[in-house]
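The working numbering puts the first residue of the sequence shown at 32, with every later residue one more than the last. Quick notes on the structure that follows.
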Amino acid sequence: MAENILYRIYEWYISRDLKPEKMPKHVAIIMDGNRRFSKLQGNMDVVKGHEIGVDTLENVLDWSIELGIEIITVYAFSTENFNRPEHEVEGLMNLFVKNFKRLVTHEKIHKNEVKVKVVGRTELLPKNVKEAIEDAEEATKQYDKRLFNIAIGYDGRLEIIDSFKKIIQDVQDGKITIDDVNEELVSKNLYTGGLDDPNLIIRTSGEERLSGFLLWQSSYSELYFCETLWPELRKVDFIRAIRSYQARERRFGV
32 MAENILYRIY EWYISRDLKP EKMPKHVAII MDGNRRFSKL QGNMDVVKGH
82 EIGVDTLENV LDWSIELGIE IITVYAFSTE NFNRPEHEVE GLMNLFVKNF
132 KRLVTHEKIH KNEVKVKVVG RTELLPKNVK EAIEDAEEAT KQYDKRLFNI
182 AIGYDGRLEI IDSFKKIIQD VQDGKITIDD VNEELVSKNL YTGGLDDPNL
232 IIRTSGEERL SGFLLWQSSY SELYFCETLW PELRKVDFIR AIRSYQARER
282 RFGV
């Protein structure tokens, strides 16, 4: 009990100076450390580690809404993750189905008007996963107050390639000319087309790399790396990332 009270006091202490006017509009997160967490527990099934990671993600959405962050984009499953052991991939696909179905009627999602969108090569996913995604997107498509992007079947290089393929096709169809190709057009044709680039990218578990996440969009993003494994992420860890962002002077290449 005493430990919980002390944590609450510390949570209040580090959040008291957060400035609403300097809050990032778009926070992207590389949710790293589920597998390592499972191993550290001894004989925990790796899929269970991912399940606990889902609970953490729900907490992060709550914290983001509380802080007034409008867009959250998370890296859930890369194209390379298909090469993981069959048991783990199958378990992840089942988790996707279960949790996208939950989002269809999720009270907090609808109360806070959160639009759900999946970015990536969804054609690579099993039929039941694609159907669950479509149901969640359909159930929230009318919302524009907040946006929750989930990158599944995602690879940043492939995203850029796919953008250029769309542009090349439009050139060939006579819809645009070569002179029309610019940064804005490339951005428009990305999976995240039409969204503001992330202000802040957070990666958990101590690794300090992007691993192909939002390669084009992260040109001027602030990066924050923390040692905490994703399933163990606490609100104070998230607040520290926001505090670090607010303390930085953003130069945009200057």
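Where a beta carbon is used, it is the ideal one built from N, C-alpha and C, also for glycine. Only a predicted model underlies this, so the values are computations on that prediction, with no experimental measurement involved.
- Taken in chain order, the whole alpha helix (DSSP H) runs of length 4 or more contained in the stretch 154–229 are 158–171, 187–203 and 214–219.
- With 16 or more neighbouring CB atoms inside 10 Å of its own CB, residue 229 falls in the buried class.
- Nearest Cα to residue 185 within the set 82, 110, 265 and 210: 110.
- If you check the CB distance, residue 231 and residue 255 come in under 8 Å.
- In the structure shown, the three-state DSSP call for residue 244 is coil.
- By DSSP's assignment, residue 254 forms a beta bridge with 232.
- Within the model, the alpha-carbon separation for residue 49 versus residue 257 is close to 19 Å.
- Per DSSP, residue 129 is one residue of the alpha helix (DSSP H) stretching across 117–135.
- Cβ-Cβ distances below 7 Å link residue 260 to 64, 67, 68, 235 and 236 in the same chain, with the five nearest sequence neighbours on each side left out; the list follows chain order.
- At a Cβ-Cβ threshold of 8 Å, residue 155 and residue 81 do not count as neighbours.
- Remark: three or more beta-carbon pairs, one from each stretch, lie closer than 8 Å, so the stretch 119–135 and the stretch 146–164 are flagged as touching.
- Distance from the CA atom of residue 195 to the CA atom of residue 183, rounded to whole angstroms, is 20 Å.
- Annotation for residue 275: 255 place their beta carbon closer than 7 Å to its own, counting only its chain and skipping 5 residues before and after.
- Residue state for residue 259 is assigned as coil, using DSSP reduced to three classes.
- According to the DSSP assignment, residue 87 belongs to no beta strand (DSSP E) but to the alpha helix (DSSP H) extending over 77–98.
- Segment contact: the stretch 92–112 against the stretch 53–61, three or more CB-CB distances shorter than 8 Å; contact assigned.
- Residue 119 sits close to residue 77, with the two beta carbons spaced by under 8 Å.
- Between residue 187 and residue 244, the CB-CB gap stays under 8 Å.
- In this chain, residue 266 is not harboured by any beta strand (DSSP E); it is covered by the alpha helix (DSSP H) spanning 266–278.
- Only residues of its own chain outside the window of five on either side were considered, and among them 198 and 207 have a CB closer than 8 Å to the CB of residue 216, listed in chain order.
- Across the structure, residue 267 and residue 43 are spaced so that their CA atoms are roughly 9 Å apart.
- The beta-carbon distance between residue 98 and residue 54, rounded to whole angstroms, is 6 Å. This is short enough to meet the 8 Å contact definition.
- The C-beta of residue 84 has 16 or more other C-beta atoms within 10 Å across all chains shown, which makes the residue buried.
- Residue state for residue 109 is assigned as strand, using DSSP reduced to three classes.
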